[in-house]
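Undergrad: So that we are looking at the same thing, I have put the structure below in structure tokens.
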Amino acid sequence: TEWTGSLQATMKMFILSLLSILTRCSSIELGGCNVPLGMESGAIPDEDIHASSTHDIENVGPSSARLNIESAGGAWCPSSQITQGVYEFLEIRFKQMHVFSSVEVQGRFGNGDGLEFAKYFRLEYWRPTFTEWRSYVNRTRNKIFEGNVNTYIAVQRKLDPPIIGSRIRIVPYSVHARTICMRVEVKGCPFHDGLVSYAVVQGDKRGEIDLEDKTYDGVVKANFLSKGIGQLIDGKLGSDSFRHDEGQGKGHEWIGWRNDTKPYVEITFEFDSVRNFSAAYIFMNNQYSKDIQVFSQAKIYFSYGGRIYNPEPVTIPYASDRMEHARNVTLRLKHQLGRFVKIHLYFASKWMLIGEVSFSSSVAVGNFSEEMDQILIEVQNDWTSKPNSNTVFNLADDDQTYIGIIIGVLTAFIFLLCALMFLIVLRVGRRKSSPTTTLKTPLPDENIGLKDISRPDLYNTLTIRASLYDPVANEDPDRNSIYTEPYKISMPRGHSPESCTSYEYAIPEPPANPPPTIHFQTGHSPFLLKKSVGDSPSNSKVYAEPEKYYPKSGYCKNLQKVGGNTTYVVPSLEFLREDIVVPEISRSQLKILEKLGEGDFGDVHMCELGVSQSDNDPPHVSLVAVKCLGLDPQDSAEVDFQREVKILARLRDPNIVQVVGIITGESPLALVVEYLPFGDLNEYLKSHVSDTDLSNTKSLSYGALIFMATQIASGMKYLESLNFVHRDLATRNCLVGHNFSIKISDFAMWRSLYAGDYFKTNDGTLLPIKWMAWESVLLGRFTTKSDVWSFAVTLWEILTFAREQPFKELDDEEVLENLTRLYHEDGSQKLLLRPCNCPKEIGDLMRECWKRNPVERPNFIEIHLFLQRKNLGYSPC
């Protein structure tokens, strides 16, 4: 069967991997490889030294050509005088591939009797893939090198680029007829990578800068390079700027390709034997401002014979960044076997520049041949081949018992199918009759513009229609989801598990006992917050008074956000019954470090807070954010200020910023909350790169990213348990501490840095519409399930290192139009694409969070548990 054939092929490859004897090796710094290889020491035996001819085999044969050795006649001397058209050579053979970095030549001293030396010489070399010897040409395009000026002083000539081969010839050269004799030494080191050639399309020119492979020693035909080695394996690394000139011309160290044909660059590497590959290292340029970036994705294919490649490549995404330094990018190859490696590097920008490629691999000893490719061919054919006619049942020859069995099985199958169809029809009928899933009610205005969002009449209309969703069940028993709630948490009194609607502050029925006042520790009379839950009986419906997203009047944009008075829409009554004591803080304890932002009615500063346990102890210093009212606040501003303190002071969770204290004794009033040392998560991500980048830039592993996302889900799970809604969840509203600790905050809308993330309507309303759920934008409805939508966008930001804004290709009007299409389910709506480094199961979680029906989105308990399971074993320390 197909499955059996695939399993057999996989098992064969697995057994071969286990039986292979591995000799570990790593990439070599070719520039530091300059060790004598054995002519002088005798490590190269006489049988590996050959010559085209010799004047006297006993006295001046090839075995006498050892540097600084006076044996027999004292050097190798060819039988003919050297002149133009005469070809004589001394050949040194090696049993494995070597890097030849320099050559030393010397004349025949002969204990003072010698007179012969070579003034000039050439070099030739051989690799297993060659069909003829190659003449060596250095970076300055020279083929002929200066030799000796006497018979006793040795002259060393550096080879740049170095030669990679298994044999080398020293060919004496002279314009005029001359008798020559030579002693030589070759310097270098063994080449363990086993690479014998690579094939790639020739590089392009960028203006006056030549980004071609200028040292390639193979076949160049129709702008395609094959059967050779060049600049990708020469040990030279380019600088950060591709225009830098290190002596050979601008951009000489780089090979570059322009993105105007294929979406990727294909490079095929051939090795001397089948190897076990653990990693490849590609040194790449990332001069972002010049349209040069590291690849967006790499796909690596393996083959034994070079004809058929494994159909399942190793796929490695790379998160883009704007740090313009060249870097070494590691490709983890998962110990794949092969003699040929084909790499597809997909463009992330207009240009892609590579300076060097090396591999970490192991020689696999076993019976490998192109027959292994045939296994792959058979596996592929298994998926398309027709069954053999000999395997078809011949009912005429079978016993009637088999016919009865077949009929019985088919009958049972048809019966089960009918039962399944009946259950599906019944379930659909139940959903259609349920008002909680009725989402097809037309919008009040089919063509809504952004200017309409702030219209009171629109929100009044939407308020009436919002009753279709109230209440919305947290759990739909008919929902088919991959996320299942593992356990139930105790809900606060007044909040049923069937309702995820988040109410305004004065909505719940007044409690039997009035809620407590909040007390602030101060030397003055207590500052009492007396607003009770039942003070406004007129506010007994969800959207009694349509309010702006961030009110233009009131306390300094103080958490007064989408459609309500606070970001964290009011909790349960049980939660509000708790007495909270907020410490009074003196301004003398604060040292301003930085202004984080400002609003129409006050400022936010990052400060150091010094608190002493006693007069004799030095103060403990911590970072805080201080939100201040203006010097002449309106009465409504003070009321909003009290409201914010009343809400935030009760929040107690390690992933939510805590209220530290309050300043009431001096004007202006101020609220002091936690701040973390590394600032907001958005900027933190932008200052890091993926750990696939081996440069000196700070990096983050995938585990660290999911660890931070899990903490955000934990904080939101806490708010969800209190029926709070954040309404502006994004990386800009998360703070980062030591060991990747995360706390959810709300400072972003005050900072001019993030002004581009908010759309400002005609009446001053600010909307982060690219993070908002469709029902929040179009219907003015905010629930914990709309926060779930925003969480998925935040997770997308984390996995893309916040390199770009969500839906960066859409302007604000187009975003609204896209949400309208999602509402009407016309199939043309766009969702954010799964990031390159995002596994499928995390991408599936995002799509679950972006489901049209809020009821079908997972809750934060499920999300948190799911991410915890995906990050088991990770430790930030």
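FYI, the numbering for the sequence shown is -27 to -1, 1 to 850, going by mature numbering (1 follows the signal peptide of the UniProt record, and there is no 0). Ideal Cβ placement from N, Cα and C applies to all residues, glycine included. Because the structure is a prediction, the values reported are computed rather than measured.
Go ahead and label F244 buried or exposed: buried means 16 or more other beta carbons lie within 10 angstroms of its beta carbon, across all protein chains shown.
TA: F244 comes out buried.
Undergrad: Using only the alpha-carbon positions, how far apart do D218 and L654 sit?
TA: The straight-line gap from Cα to Cα measures roughly 39 Å.
Undergrad: When DSSP labels each residue in this structure, what does P827 get in the three-state scheme?
TA: Helix.
Undergrad: Note down, in chain order, each residue of its chain lying with its Cβ closer than 6 Å to the Cβ of R114, except the 5 sequence neighbours on either side.
TA: Cβ within range, chain order: n/a, list empty.
Undergrad: Starting from S759 and walking both ways along the alpha helix (DSSP H), at which residues does that stretch end?
TA: Segment T757 to L772, the alpha helix (DSSP H) holding S759.
Undergrad: Leaving out the 5 sequence neighbours to the left and right, which residues in its chain are closer than 8 Å to L795 when beta-carbon positions are compared?
TA: These residues qualify, in order along the chain: W747, Q802 and R825.
Undergrad: With a Cβ-Cβ cutoff of 8 Å, do V630 and I771 count as a contact?
TA: No, the pair does not count as a contact, with Cβ atoms beyond the cut-off.
Undergrad: Would you kindly work out how many angstroms separate the C-alpha atoms of V159 and R39, rounded to a whole number?
TA: Distance between the alpha carbons of V159 and R39: 10 Å.
Undergrad: With the cut-off set at 8 Å, would you say V76 and R130 are in Cβ contact?
TA: Against a cut-off of 8 Å, the Cβ pair of R130 and V76 comes out as a contact.
Undergrad: Which one or two residues does DSSP pair with R66 in a beta bridge?
TA: According to DSSP, R66 bridges with R140.
Undergrad: Helix, strand or coil: how does DSSP classify H217 here?
TA: H217 falls in the coil class under three-state DSSP.
Undergrad: Which ranges does the beta strand (DSSP E) cover as unbroken runs of at least 3 residues, wholly within the stretch 235 to 288, from first to last along the chain?
TA: The qualifying runs are 237 to 257 and 270 to 276.
Undergrad: Would A292 and T773 be called neighbours here (beta carbons separated by less than 8 Å)?
TA: Yes, the Cβ-Cβ distance between A292 and T773 is below 8 Å.
Undergrad: Quick one: using the 10 Å Cβ neighbour count with 16 as the cut-off for buried, is E782 buried or exposed?
TA: Its Cβ having fewer than 16 others within 10 Å, E782 is exposed.
Undergrad: Using the C-alpha atoms, what's the distance from V788 back to F268?
TA: Each residue's alpha carbon lies about 29 Å from the other.
Undergrad: With C-beta atoms as the reference, is Y319 less than 8 Å away from Q270?
TA: Cβ distance < 8 Å, so Y319 and Q270 count as in contact.
Undergrad: Thinking just about the alpha-carbon of each residue, which of R724, I289, Y98 and G220 is nearest to the one in V811?
TA: In the sequence as displayed, the identity of residue 811 is Cys instead of Val. Residue I289 is the option with its Cα nearest to C811.
Undergrad: Please name the residue, chosen from P286, V618, F332 and Y274, that lies closest to V302 on a Cα-to-Cα basis.
TA: That would be F332, whose Cα lies nearest to the Cα of V302.
Undergrad: Grab me the residues of R231's own chain with a C-beta within less than 8 Å of its C-beta, minus the 5 sequence neighbours each way, in chain order.
TA: D177, R179, K323 and W324, listed in sequence order.
Undergrad: Helix, strand or coil, according to DSSP, for E835 in the structure here?
TA: The answer is helix: DSSP assigns E835 an H, G or I state.
Undergrad: For F90, which residues of its own chain have a beta-carbon under 6 Å away from its beta-carbon, when the five flanking residues on both sides are left out?
TA: Correct list, in chain order: G80, N121 and T124.
Undergrad: Considering only residues of the same chain and omitting the five flanking positions on each side of S763, which have a CB-CB separation below 6 Å?
TA: Hits under 6 Å: L702 and W744.
Undergrad: Exposed or buried, M12, counting other C-beta atoms within 10 Å across all chains shown (16 or more means buried)?
TA: By the 10 Å Cβ count, M12 comes out buried.
Undergrad: What are the residues that DSSP puts in a beta bridge with L303?
TA: The sequence given here has Thr at residue 303, not Leu. Bridge partners of T303: Y254.
Undergrad: If you count every other CB in all the chains shown that lies within 10 Å of the CB of Q54, and 16 or more means buried, which is it?
TA: Exposed, because fewer than 16 other Cβ atoms sit within 10 Å of the Cβ of Q54.
Undergrad: Identify whether V122 lies in helix, strand or coil by the three-state DSSP scheme.
TA: DSSP places V122 in coil when its eight states are reduced to three.
Undergrad: On a CA-only basis, which of V330, I834, E639 and L10 is nearest G140? Give me that one, please.
TA: Per the sequence presented here, residue 140 reads as Arg, with Gly not at that position. Ranking the options by Cα distance to R140, first place goes to L10.
Undergrad: Within this structure, are the beta carbons of F755 and V698 separated by less than 8 Å?
TA: Yes.
Undergrad: DSSP puts S663 in a beta bridge; with which residues?
TA: L673.
Undergrad: Contact between the stretch 181 to 192 and the stretch 141 to 153 is defined here as three or more beta-carbon pairs at a separation below 8 Å; is this criterion met?
TA: In short, these stretches do not touch, since the Cβ pair count stays below three.
Undergrad: Using a Cβ-Cβ cutoff of less than 7 Å, which residues in the same chain neighbour D133 once the five nearest sequence positions on both sides are dropped?
TA: Only N111 and R112 meet the Cβ criterion.
Undergrad: Going by beta-carbon coordinates alone, are V247 and R312 separated by less than 8 Å?
TA: Against a cut-off of 8 Å, the Cβ pair of R312 and V247 comes out as a contact.
Undergrad: Rounded to a whole number of angstroms, what is the C-alpha to C-alpha distance between H711 and E226?
TA: Cα to Cα, the separation comes out at about 40 Å.
Undergrad: Looking at the unbroken alpha helix (DSSP H) that takes in residue 866, where does it start and where does it end?
TA: This structure cannot speak to residue 866, because the chain is shown only from -27 to 850.
Undergrad: Please report how far the alpha carbon of I117 lies from the alpha carbon of N340, in whole angstroms.
TA: Their backbone Cα atoms lie some 44 Å apart in a straight line.
Undergrad: In this structure, does DSSP put Y847 in helix, strand or coil?
TA: Here Y847 sits in coil by DSSP.
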